[in-house]
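Our numbering runs 460 ahead of the 1-based position in the sequence shown. One structure is given here, and the rest of the page talks about it.
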Amino acid sequence: MRTAIELIEAYVQQLQDKGQLMSDYRGEPRDDVLQRFTQSSDAAKDLAGALHGQLSTAYSAIGRVAYKEQPAEQQPLTGS
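What follows is the structure in structure tokens.
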């Protein structure tokens, strides 16, 4: 997710550098629109990072539960 947002930001910057980026339909200044986009992108990055952390925790918890529920003869040997 982070890479996709960074690619979009880079492409928007390229369009702006080439003079190919126009203001939005509301007629807002381009800088205001880009500032709002950047803030939204940063918020999305933060949310994606938090989600990744929560998913990692959930994955670990599920793995521990699944390991404990295995019959004794199917549990992997440790310490060998």
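Positions of the beta carbon are idealized from the N, C-alpha and C atoms, including for glycine. Computed from a predicted model, the values in this text were never measured in an experiment.
Inside the stretch 474 to 517, DSSP marks no whole beta strand (DSSP E) run of 3 or more residues.
Judged by their CB atoms, A504 and I465 are nearer to each other than the 8 Å cut-off. In this structure, V472 sits near L494, with a CB-CB distance shorter than 8 Å.
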